[in-house]
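Undergrad:
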Amino acid sequence: MISKNLFSIVCGILVWILGVSFYLLSFYVPILENLELQSNSALALGIIPSACIGTYLFYTKSHIKPSTLGLTFVIVATLLDVIVTVPVFIVPNGGSYLEFFGDPMFYTIVVEFYFIVFYFGNHLTNKKIKA
Numbered sequence: 001m002i003s004k005n006l007f008s009i010v011c012g013i014l015v016w017i018l019g020v021s022f023y024l025l026s027f028y029v030p031i032l033e034n035l036e037l038q039s040n041s042a043l044a045l046g047i048i049p050s051a052c053i054g055t056y057l058f059y060t061k062s063h064i065k066p067s068t069l070g071l072t073f074v075i076v077a078t079l080l081d082v083i084v085t086v087p088v089f090i091v092p093n094g095g096s097y098l099e100f101f102g103d104p105m106f107y108t109i110v111v112e113f114y115f116i117v118f119y120f121g122n123h124l125t126n127k128k129i130k131a
């Protein structure tokens, strides 16, 4: 049986993969002239179903406090951004770590991500308690 901590990390990786997919796919459908704004907007919208899917999958098999799960997901996503996103997708296109992590939109999405997991996790755990 997989431990709840390892399972939360696996679910966090899944959410990160879905989020990066939304981000990268937005470049293939140019709607706005500013592709960076478009990709950040796509990520901000795409993180909602992605975080809900990861949270739901986690709570179908295991249980920890939603605040802990949200923090785990954020830490996993940030580490994967450091290890994969920036060197593979940002730096080759002329960006840098400072530019990526200095962007206020990054922190906006991190806060959004945490609160989606926190609130949806609370919803799911309160639903289990009442049932």
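Mapping the sequence shown onto my numbering, position 66 (from 1) lands on 66, and the numbers just tick up by one. Ideal Cβ placement from N, Cα and C applies to all residues, glycine included.
#1: Grab the span of the alpha helix (DSSP H) containing K61 for me, first residue to last.
#2: By alpha-carbon positions, which one of I83, T108 and I109 ends up nearest to Y97?
#3: Along the alpha helix (DSSP H) that carries K4, what are the first and last residues, could you check?
#4: Return the first residue and the last residue of the alpha helix (DSSP H) that S67 is part of.
#5: From K65, A42, N126 and M105, pick the residue whose C-alpha is nearest to that of L18; which is it?
TA: According to the structure shown:
#1: If you number the sequence shown from 1, residue 61 lands on position 61. Note, K61: alpha helix (DSSP H), L35 to K61.
#2: As a first step, residue 97 is located in the sequence shown; it is residue number 97 there, counting from the start. Checked all of I83, T108 and I109; the closest Cα to Y97 is I83.
#3: Mapped onto the sequence shown, residue 4 falls at position 4. From DSSP, the alpha helix (DSSP H) with K4 extends over K4 to L25.
#4: Taking the first residue of the sequence shown as position 1, residue 67 is located at position 67. Unbroken alpha helix (DSSP H) run through S67: P66 to L80.
#5: Here residue 18 refers to the residue found at position 18 when the sequence shown is read from its first residue. Comparing Cα-Cα distances from L18 to each of K65, A42, N126 and M105, the minimum goes to A42.
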